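Under our numbering, the first residue of the sequence shown carries the number 14, and numbering increases by one thereafter. Just so it is clear, CB atoms sit at the ideal spot from N, CA and C, and this is done for glycine as well. Because the structure is a prediction, the values reported are computed rather than measured.
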Amino acid sequence: LELQTTTGLPKVRSDKPVFVEHVMKCGGSSLCVDFSLQRDCRATLGANCRPDRVQVRFEKLIGKKWRAADITPEEAKMGLEAFDEEACNFVFSEMGLRRETNNFGPSMDRYRDLSSSFWDAYTTVLLVRDPWERYLSHLNQWGFIASKDVADGSISDAVLSDSHKVFGAFQVKILRQNFITQHLVPDFRRNPLNCSNEILEKAKNSVDRYDIVLDFKEYPEETSSILLKEFGIRSDNTSKAHERITKIKWPAPQK
């Protein structure tokens with residue numbers, strides 16, 4: 014982020030749509046609000062700016078999905094401009110927990126081939142956060158730990174227990190395994206323990222392939238500066254922004 018701020022971002026082109034990879038609990042919900050309100054559009058705020066309302070029409074018009082590995086710059090631009098009032102020329106992808114252990118389907122092909130046309134079709138943005146903080150944020154959202162415990166560091170060792178009736182449940186355990194970023198490395202989700210040097214190298218290459226990487230928590234000033242400079246967006250990544258969106262209610266883990 015410091016390098017992006019000081020050296021500039023030569024890959025960014027204003028004529029390309031913006032693609033945001035929203036890793037959950039990294040500030041994507043607030044960024045969705047910022048993009049939507051400041052661009053005066055009708056993106057589905059309750060869906061965190063995922064193009065749920067236009068994706069079927071997009072595919073029918075273009076003949077492929079909006080995040081297909083082989084989508085071209087012309088196709089991405091034409092597809093989103095056709096629904097500009099709703100899509101506002103930006104889309105958010107939020108893989109999260111929805112695919113569970115399946116990340117080896119066609120939607121992951123853009124990570125298998127980092128030279129595919131997808132990477133030139135959009136200005137690509139990746140949201141990141143320290144994985145431990147992200148895990149605790151999830152637990153807090155689900156009501157399993159209190160905000161004050163996170164703030165003062167008084168977190169029980171139980172949050173790391175695979176045998177605990179709550180923290181050992183599948184849906185919580187995979188968060189602890191940093192599952193929600195593992196789609197950046199195709200097929201890794203099939204065996205999360207298989208973290209070799211090769212896997213780590215693939216992960217770094219995937220991150221480096223993005224035009225912009227943002228971290229609201231660790232680098233708030235740099236992140237705000239980049240958003241303003243490159244997109245004309247004034248960041249309001251605060252609780253006030255979250256109050257303006259419809260929160261998704263996740264089911265509690267099995268007890």
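Looking only at its chain, what residues have a beta carbon closer than 8 Å to the beta carbon of residue i, apart from the 5 residues adjacent to it on each side?
{"i": "E94", "result": "N102"}
By how many angstroms is the C-alpha of residue j removed from the C-alpha of residue i?
{"i": "L50", "j": "I246", "result": "10 Å"}
{"i": "V33", "j": "L139", "result": "6 Å"}
{"i": "G181", "j": "I168", "result": "16 Å"}
{"i": "E231", "j": "A159", "result": "21 Å"}
{"i": "V69", "j": "G76", "result": "10 Å"}
{"i": "C54", "j": "F244", "result": "15 Å"}
{"i": "E146", "j": "G166", "result": "11 Å"}
Assuming contact is defined by CB atoms lying nearer than 9 Å, are residue i and residue j in contact in what I supplied?
{"i": "T137", "j": "D224", "result": "yes"}
{"i": "Y124", "j": "L213", "result": "no"}
{"i": "S219", "j": "L74", "result": "no"}
{"i": "L227", "j": "V185", "result": "no"}
{"i": "K38", "j": "S209", "result": "no"}
{"i": "F183", "j": "V172", "result": "no"}
Could you check which residue in the options has the C-alpha nearest to that of residue i?
{"i": "M91", "options": "S106, D221, S128, F71", "result": "F71"}
{"i": "R63", "options": "F244, S237, S42", "result": "S42"}
{"i": "L44", "options": "A171, V141, G181", "result": "V141"}
{"i": "F96", "options": "V67, W79, S174", "result": "V67"}
{"i": "D82", "options": "F48, F157, M121", "result": "The question names Asp, but residue 82 is Ala in the sequence shown. For the residues F48, F157, M121, the minimum Cα distance to A82 belongs to M121."}
{"i": "F322", "options": "D170, A89, A216", "result": "Residue 322 is absent from the structure shown; the chain starts at 14 and stops at 268."}
{"i": "I84", "options": "E211, P199, D165, S129", "result": "S129"}
Among the residues of its own chain, which have a CB less than 7 Å from the CB of residue i, if the five just before and after it don't count?
{"i": "N191", "result": "P144"}
{"i": "Y148", "result": "L188, R189"}
{"i": "H271", "result": "Shown here, the chain extends from 14 to 268; a query on residue 271 therefore has no answer."}
{"i": "L240", "result": "I246, S248"}
Who are the near neighbours of residue i in its chain, counting only those whose CB is closer than 6 Å to its CB and skipping five residues on each side?
{"i": "S108", "result": "In the sequence as presented, Ser is not what sits at residue 108; that position holds Met. Same-chain partners within the cutoff: H196."}
{"i": "V31", "result": "F103, T136"}
{"i": "D133", "result": "P86"}
{"i": "K78", "result": "E72"}
Problem set entry | Entirely enclosed alpha helix (DSSP H) segments - the stretch 49-94, minimum 4 residues | 68-75, 86-94
Exercise. What are the complete alpha helix (DSSP H) segments, minimum 4 residues, inside the stretch 106-171?
Worked result: 122-125, 131-134, 144-154, 160-165
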